[in-house]
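First residue of the sequence shown: 1, per full-length UniProt numbering; consecutive thereafter.
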Amino acid sequence: MTLTSSTHPDNNLPRRIAEQTRGSTGHGPIIRLMSPSDLGQMLKPFVFLDIFDVSGNAIHAMSDMPLHPHSGIATVTVFTKGRVRYSDPDNGQGTLGYGGVEWMRAGGGVWHGKELTAEEVPRIQGFQLWIALPEELENSEPESRYIESVGDNEGQPFHVILGHYQGVQSPVPAPEGVNYLLVTLKAGEHWTYNPPVGHTVGWLALASGELDAGGVIQAGEMVSFDTSEAPVTLQASGQEDAVFVLGSAVPHSYPLHLGHYSVHTSAQALERGEQRITELGRKLKDAGDRRTESGTVPVFR
């Protein structure tokens, strides 16, 4: 991962770009833009961010991703292009596209990775974000939600995926102090994000188009902003719509204790999470084939 830095601004000026990256190659069409070894340390509670972009025959190869465990975090998956199916005994069945979200609070432990399957579409693109949970939730009971649309904001370019912004409350039961927006600006359009009080963590990642944020941001890039509550002023500066996700938050006040698939606030909490993951892994093996008629495998918790 390559990072570039800029100087810290005066807090009376619009928010400035602090770091800019194209991430590192991950698994096939998945690029890791952020992890706890780089931007995740500075932007916690946001600790991992992947962008995925797959088309053609490779779309159905996404179902080959193996089941894997998590604890101590929540994952948030949003789509900027295409549609996927979900089918879960506890959550019904349906489709997710632009403006929809899969929310999975791993809490004390889950196994997942096959709960979504592709519709017959030419391309699927989107982001998966990991959020470090606070101490009171990191070993809590897991939960999954599939929300086909977080709702339209008439006349506004944003969808509130997590949190609360300009009178709009997301239906996703995320922890307090975290905002996560999906935004589309038409070519040439200006927009300003005004962070809530205390949201000194800020970043965005661009799926398509081009943005001017006091510096040019290209498709596939992620930027973090300086530590302040100043607004983020943006313009879609290319010839096409700029589609991106933007996060802001009150800083996570805990150190990050990392396992292979887990993030916790302490070594003791991490040990509890990993023990639970191991127990669930044995139960998952005993459960046998859990695949639904639509080809999904529900989250195991």
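Backbone N, C-alpha and C define an ideal beta-carbon position, used for all residues, glycine too.
How should residue i be labelled, buried or exposed, when 16 other C-beta atoms within 10 angstroms of its C-beta is the threshold for buried?
i: PRO89; result: exposed
i: ARG291; result: exposed
i: GLN20; result: buried
i: PRO195; result: buried
i: LEU211; result: buried
i: THR278; result: exposed
i: HIS159; result: buried
i: ARG16; result: buried
i: HIS8; result: No answer about HIS8 holds up, because its pLDDT of 40 lies below 50 and its placement is not dependable.
i: ASP10; result: Below a pLDDT of 50, predicted positions are generally treated as unreliable, and ASP10, at 47, falls in that range; no measurement from the model is reported.
i: HIS190; result: exposed
i: THR4; result: Note that THR4 scores a pLDDT of 45, beneath 50, so its modelled location is shaky and nothing firm can be said.
i: THR2; result: Confidence at THR2 is low in this model, with a pLDDT of 45, below 50, so the placement of that residue should be treated as unreliable; the coordinate-derived value is given next. Exposed, because fewer than 16 other Cβ atoms sit within 10 Å of the Cβ of THR2.
i: residue 302; result: Residue 302 is absent from the structure shown; the chain starts at 1 and stops at 301.
i: ASP286; result: exposed
i: PRO122; result: exposed
i: PRO66; result: exposed
i: ASP38; result: buried
i: VAL216; result: exposed
i: SER294; result: exposed
i: GLY209; result: buried
What does DSSP give as the partner residue(s) for residue i in the beta ladder?
i: ASN179; result: SER248
i: LYS81; result: GLN125
i: residue 379; result: Since the first residue of the chain shown is 1 and the last is 301, residue 379 is not available in this structure.
i: GLY202; result: SER248
i: residue 323; result: For residue 323 there is no data in the structure shown, the boundaries of the chain being 1 and 301.
i: LEU96; result: VAL84
i: TYR165; result: VAL168
i: HIS60; result: Partner(s): none; HIS60 has no beta bridge.
i: VAL197; result: In the DSSP output, where bridge partners are listed per residue, VAL197 has none listed.
i: ALA132; result: ILE73
i: HIS257; result: HIS264
Could you pull the start and end residues of the alpha helix (DSSP H) that residue i belongs to?
i: ASP286; result: 267-287
i: LEU39; result: 39-43
Taking 9 Å as the CB-CB cut-off, is residue i touching chain B?
i: GLY188; result: Reference to chain B is not applicable here, since this structure consists of a single protein chain.
Assuming residue i and residue j are in contact, meaning their beta carbons sit under 8 Å apart, how far apart are those beta carbons, in whole angstroms?
i: PRO298; j: GLU115; result: 6 Å
i: GLU138; j: GLY107; result: 7 Å
i: PRO69; j: LEU258; result: That pair is no contact at about 14 Å.
i: VAL183; j: PRO251; result: Contact doesn't hold; Cβ gap of about 23 Å is too wide.
i: TYR86; j: TYR180; result: About 19 Å separates the two Cβ atoms, so there is no contact after all.
i: ALA132; j: GLY92; result: In fact, because the Cβ distance is near 29 Å, the residues do not count as touching under 8 Å.
i: VAL178; j: PRO45; result: 6 Å
i: THR95; j: VAL78; result: Not really, about 14 Å apart at Cβ, beyond 8 Å.
i: ASP241; j: LYS186; result: 5 Å
i: ALA74; j: ARG32; result: Wrong, their Cβ atoms sit about 18 Å apart, outside the cutoff.
i: LEU256; j: GLN41; result: 7 Å
i: GLN128; j: LYS81; result: Not a contact, Cβ separation roughly 14 Å.
i: PRO134; j: PRO175; result: 6 Å
i: HIS199; j: SER248; result: 4 Å
i: LEU234; j: ALA213; result: 5 Å
i: GLY103; j: LEU280; result: Looking at the sequence shown, residue 103 is not Gly but Trp. Between LEU280 and TRP103 the Cβ distance is about 19 Å, and since that is not below 8 Å, they are no contact.
Can residue i be considered in contact with the ligand NAP, in the sense that its beta carbon sits closer than 8 Å to one or more heavy atoms?
i: PHE46; result: With respect to the ligand NAP, the structure offers nothing, as it holds no ligand at all.
Residue i lies in the beta strand (DSSP E); which residues open and close that run?
i: ALA174; result: That residue, ALA174, is in no beta strand (DSSP E); it is neither H nor E in DSSP.
i: GLU210; result: 210-212
i: HIS112; result: 110-112
i: ARG32; result: 30-34
i: GLN218; result: 216-218
i: residue 335; result: The chain is shown from 1 up to 301; residue 335 falls before or after that span and cannot be answered.
i: MET65; result: First-last for MET65: undefined, no H or E at that position.
i: TYR146; result: 143-147
i: ARG105; result: 101-105
i: residue 305; result: No statement about residue 305 is possible, as the shown extent of the chain runs from 1 to 301 and does not include it.
i: PRO187; result: According to the sequence shown, residue 187 is Ala rather than Pro. That residue, ALA187, is in no beta strand (DSSP E); it is neither H nor E in DSSP.
i: THR233; result: 232-236
i: THR117; result: 116-118
Inset, instruction - Give a yes or no on contact between the stretch 170-178 and the stretch 225-239, applying the rule of three or more CB pairs nearer than 8 Å. - result: Between the stretch 170-178 and the stretch 225-239, the count of Cβ pairs shorter than 8 Å is below three; the stretches do not touch.
Legend entry - At least 3 beta-carbon pairs within less than 8 Å: the stretch 255-273 vs the stretch 228-243: no
Legend entry - Three-pair Cβ contact test at 8 Å for the stretch 197-210 versus the stretch 46-61: yes
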